[in-house]
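See structure below.
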Amino acid sequence: DDAGVRLGPRQRAVLRALTDGPIAAAELATKCESDHSTLRRLAARGLIALERRARRRRPADVELGAGVKQGVAPPLLTGAQSAALKPIVKAIRGARHERFLLHGVTGSGKTEVYLRAAGEALERDRSVVILVPEIALTPQITARFRERFGERVAVSHSKLGIGERYDEWQRLRRGEARICVGPRSAVFAPLRDLGLVVVDEEHDSAYKQEGGSCYDARRVAERRAEQAGAVLVLGSATPRPESWLGTPRLDLPERVDSLRLPPVELLDMRGTHHALHADAREALDEVRREGKKAIVLVSRRGWAPFLVCRACGRTWMCPRCDVTLTLHRERGSQQLLCHHCGHCEQSPAICPDCRSTAVARHGTGTQKLEAELRDALSPLPVFRLDSDTARRKSGIANVLRRFESADAGILVGTQMVAQGHDFPEVVVAIVQDADATLRFPDFRSEERTFTLVAQLAGRSGRGPSGGRVLVQTLCPEAACLQAAARHDAPAFLESELERRRALDYPPFSDLIRVVVSAGGQEEAEEAWPQVPVVPRAGP
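Residue numbers for the sequence shown follow UniProt numbering, beginning at 1 and rising by one.
Written out as structure tokens, the structure is:
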């Protein structure tokens, strides 16, 4: 008691606060309006104990959905889900490596199959890797897994802070977390006794790392699963022809809620000069009137894909990449950006070649369409999701959370809005330019176009209100668009495989790209003959 008389008011406040248990020093200092010197004096008198403890830096990702409600009973499986899960569980219990392609239409419950398979692996004290192609897809699927498995789930991707990534990595390495969710880099998670690897949306080219250390996360996942005796599950509504041809298939042919897939309308843009077809504008206006939600997929980010001088025909190109520069508008400034190397320059007011002021902007990017829809559909909120808005920490998750929590709204974005998201209130999905991938000079262009349209179609009509899909194109007769309009992935894949077999394209052959780099074009051309001839690979 005598000692108590000699305590100051702040010291007394600290002792009272500690009667309920240990508190972090920073929190205690704020709560009691004290400082660390107060704590050190109390510790020196033996009245309190100070100790260092590692404080976990939790990822700041905003988890989507109805919050993380652990202990929620899993839903009943459909007959198709049970049939698909059975061979996966059998392989996990047998601790043997097997590969499966889980082909299910959008909304067919593939994630629930992943969850059940992960639970089976955890029961046998084995670890799980869940891969998604885009960071934008991590919040929702992470929330689903944490709802079921709590703190045994860790997330890993480049948008986390350095400290957050380190702490999550250490939790995985120590075995405190047994499930790692993330994009392609998560395939290297330091998990022991790997039992299951899931590659969700396995068709997505984002699984390939092109710059720096080049790798295909799907191939790495297959190799890790093979070495660990783990089960590999490739999941997609629109699988790659390679996976369709060479992987045992498990089918989920219907949506779990028995709702029909939304009708797809191909809108002929020939003769149309507006970024959106009249039918698309009317559909969005109806969304505004009824207080619903819609998603609009735009092929390019920025304001306009390129600038051209109407007087002399000059087009602004990147001096390093020889591709057109894209106009961006940010906080009142206008800049031309290269989406390949990051080169940036000020947008011109006059043409430097002919001194004309007739510098025209061509095409529509996400920024421009966002601004136009804000004006046309006010007061309906418009949200934008592209790599520009995703630069900020938790930027992706925040945009998706705001769109999800809004009573109504329009989500405008690039390909990251096209797949994996589950928003039951979305009743309209629009592909602003389906030809952007179709006219690309690549033998996979039809595959990518079909995938993009079919995946975006799956974002609409997931709720009781149903939905519709509008696809704008200059080539409505294209076979891949016709197949996407019918939601007929098997027919498209079979015809695509026939075409590739006839042309000797992968998966019936291997293509090798040889790149010669030098300080100048002449040096590269001189070095090219020194490259050894690579023998042609057979089927």
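Don't be surprised by glycine CBs; every beta carbon is placed ideally from N, CA and C. From a predicted model like this one, the values you see are computed outputs, not experimental measurements.
- About 20 Å separates the CB atoms of W303 and R281; that is not less than 8 Å, and the two are not in contact.
- Excluding its 5 nearest sequence neighbours in each direction, R96 has C-beta neighbours in its own chain below 7 Å: G229, listed in chain order.
- DSSP places K292 outside both helix and strand once states are collapsed to three, so it counts as coil.
- Excluding sequence positions up to five before and after I295, its CB lies within less than 6 Å of the CB of L411, V417, V426, A429, R459, all in the same chain and listed in chain order.
- A straight-line Cα-Cα distance of about 38 Å links Q482 and S213.
- Taking A73 as the centre and dropping the five residues before and after it, the same chain places no C-beta closer than 7 Å to its C-beta.
- H103 is bridged by DSSP to S236, D251.
- The beta-carbon separation of F450 and T247, rounded to 19 Å, does not stay under the 8 Å limit for a contact.
- The continuous alpha helix (DSSP H) containing L85 extends over residues 79–93.
- Between A454 and T238 the beta-carbon gap is near 5 Å, inside 8 Å, which marks them as a contact.
- Take R218, set aside five residues on each side of it, and the residues of its chain with a beta-carbon closer than 7 Å to its own are V199, E202, Y207, in chain order.
- With fewer than 16 other beta carbons inside 10 angstroms of its own, I512 counts as exposed.
- With respect to the 7 Å criterion, W244 and L493 are classified as neighbours on the basis of their beta carbons.
- Nearest C-alpha to G313 among Q334, H362, E372, C341: H362.
- For the stretch 143–183, the continuous beta strand (DSSP E) assignments of 3+ residues that do not extend past its boundaries occur at 153–155, 179–182, in sequence order.
- Put simply, of R93, G107, V89 the residue whose alpha carbon is nearest the alpha carbon of L259 is G107.
- The shortest C-alpha to C-alpha distance from P75 to any of L39, E477, A91, L115 is the one to L115.
- Between A84 and L252 the beta-carbon gap is near 6 Å, inside 8 Å, which marks them as a contact.
- Out of A24, P263, D20, D35, the CA that lies nearest to the CA of Q11 is found in D35.
- I162 sits exposed, since fewer than 16 C-beta atoms from the chains shown fall within 10 Å of its C-beta.
- Secondary-structure assignment with DSSP links T473 through a beta bridge to D268.
- Annotation: the stretch 427–476 contains the following complete segments of the beta strand (DSSP E) (minimum length 3 residues), in chain order: 468–473.
- Around E33, the same chain offers R10, A13 as residues with beta carbons nearer than 8 Å, after the five sequence neighbours per side are excluded.
- Under the 10 Å beta carbon count, V298 is surrounded by 16 or more other beta carbons and is classified as buried.
- Take the alpha-carbon of K292 and the one of P379: they are about 13 Å apart.
- CA-CA distance, E290 to S127, rounds to 46 Å.
- Beta-bridge partners of H203 (DSSP): none assigned.
- The three-state reading of DSSP puts Q334 in strand, counting E and B together.
- For the 7 Å CB-CB criterion, D386 and R301 form a contact.
- Of the residues assessed, D504 falls on the exposed side of the cut-off, its CB having fewer than 16 other CB atoms within 10 angstroms.
- Secondary structure of C32 (DSSP, three-state): helix.
- Between P381 and G413, the CB-CB gap reaches or exceeds 7 Å.
- For S127, the beta-bridge partners assigned by DSSP are L194.
- Per DSSP, A360 is one residue of the beta strand (DSSP E) stretching across 359–362.
- When secondary structure is reduced to three states using DSSP, L276 falls in the coil class, being assigned neither helix nor strand.
- Each of V89, V132, T138, R148 was checked against the Cα of E120, and the nearest Cα belongs to V89.
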